[in-house]
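Colleague: Can you read through this structure? Questions will come right after.
Numbering (our numbering), first residue to last: 120 to 387.
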């Protein structure tokens, strides 16, 4: 009976993950969907919980997903230590070693993680030691549980959204004028501010990444830069963003994550 319950839960999770991804990426190749089904079946990863993300049409597991898996598997412990001979605090260069013990009798699975100002995002400068720790733990967990795909935190220059960033992209107030004679310049400028204010509210309310929203906006408007978009295009995007955030935030997050572009990738 318990086995049937687990199979049913797995099937429901596969259906849920597939539905979310199809909504966010309607043109995603069937092989990527098949890979998602296999990852879900083997490791019970959840898209809505943030266990997996897709970058440049490839699946990556997240630190959250790995820790949730370790908890489900009742991991016995994780030990982390610095490799002093390879660390240089003055240069903010750190190498850490993580050992994961999936069971009481296990001798441990070892993974190393490195971080320095050249392979982390500028948004997390000053946190190189913590980034190195996360990368080491991720690598050790992937070895312990036989996960072949790379973790997103192991990618150079990638970082998760940081709340201290500006609240919204700076949309250009199209058609504004320096005149204040009430003939239309101030009115158009006011409308531009209203659009930006609404966008700020959407980003804060749904806890979205402003930089990914900007990238999505450029793609939605079909322009090379946001400055080239007309006010009508920007207003249409904001309406679309608000509607999708309200109806299906999980699908929106999945869509936004596709615009996170890693600068370089370490060997998995």
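No residue lacks a Cβ here, since even glycine has one placed at the ideal position from N, Cα and C.
Note that the coordinates shown come from a computational prediction; the quantities given were computed from them, not determined experimentally.
#1: How many Å lie between residue 217 and residue 371 at the Cα?
#2: Can you give me the Cβ contacts of residue 133 inside the same chain, cut-off strictly under 7 Å, excluding the 5 residues immediately before and after it?
#3: Which whole-angstrom value is the C-beta distance of residue 200 and residue 215, which I expect to be below 8 Å?
#4: Residue 367 and residue 142: beta carbons closer than 8 Å?
#5: By Cβ distance, which residues of its chain are closer than 6 Å to residue 339, with the 5 residues on each side in sequence left out?
#6: For the region 231-239 against the region 186-196, do three or more pairs of beta-carbon atoms, one drawn from each stretch, fall closer than 8 Å, so that the two count as touching?
#7: Rounded to the nearest angstrom, what separates residue 376 and residue 171 at their Cα positions?
#8: Please tell me whether residue 194 and residue 219 are closer than 8 Å, where the distance is taken between their beta carbons.
#9: Distance check for residue 198 and residue 213, CA to CA, integer angstroms please.
#10: Anyone know if the C-beta pair for residue 361 and residue 322 falls short of 8 Å?
#11: Note down, one range per segment and in chain order, each alpha helix (DSSP H) of at least 4 residues found wholly within the region 209-266.
#12: Which value, in whole angstroms, describes the spacing of the CA atoms of residue 353 and residue 334?
#13: Quick check on residue 344: buried or exposed, where buried means 16 or more other Cβ atoms within 10 Å of its Cβ?
#14: Taking the alpha carbon of residue 175 as the reference point, which residue from 148, 163, 347 has its own alpha carbon closest?
#15: Going by beta carbon distance, what residues of the same chain come within less than 6 Å of residue 374, once the five residues before and after it are set aside?
#16: Please return the same chain residues whose Cβ sits closer than 8 Å to the Cβ of residue 245, not counting the five positions on each side in sequence.
#17: From the DSSP output, in three-state form, read off residue 207 for me.
#18: Looking only at its chain, what residues have a beta carbon closer than 7 Å to the beta carbon of residue 207, apart from the 5 residues adjacent to it on each side?
#19: Taking only three categories from DSSP, how would you classify residue 130?
Modeller: In short:
#1: Spanning the two alpha carbons is a distance of roughly 34 Å.
#2: If we look at residue 133 and ignore the five residues flanking it on each side, its Cβ neighbours are 156, 159, 160.
#3: Indeed they touch by this definition, with Cβ atoms about 7 Å apart.
#4: Going by C-beta atoms, residue 367 is nearer than 8 Å to residue 142.
#5: Excluding residues within five positions, the ones whose Cβ falls inside 6 Å are 356.
#6: Because the criterion of three Cβ pairs below 8 Å is not met, the region 231-239 and the region 186-196 do not touch.
#7: Straight-line Cα distance between these residues: approximately 10 Å.
#8: In this structure, residue 194 lies near residue 219, with their beta-carbon atoms less than 8 Å apart.
#9: Roughly 16 Å between the two C-alpha positions.
#10: Residue 322 is positioned such that its CB atom lies no closer than 8 Å to that of residue 361.
#11: The region 209-266 contains these whole alpha helix (DSSP H) runs: 247-263.
#12: Rounded to the nearest whole angstrom, the C-alpha separation of residue 353 and residue 334 is 13 Å.
#13: Per the 10 Å Cβ criterion, exposed.
#14: It is 148.
#15: Within its own chain, the residues whose Cβ lies closer than 6 Å to the Cβ of residue 374, once the five positions on either side in sequence are excluded, are 143, listed in chain order.
#16: Excluding residues within five positions, the ones whose Cβ falls inside 8 Å are 211.
#17: Here residue 207 sits in strand by DSSP.
#18: So the list is empty, once near-sequence residues are dropped.
#19: DSSP places residue 130 in helix when its eight states are reduced to three.
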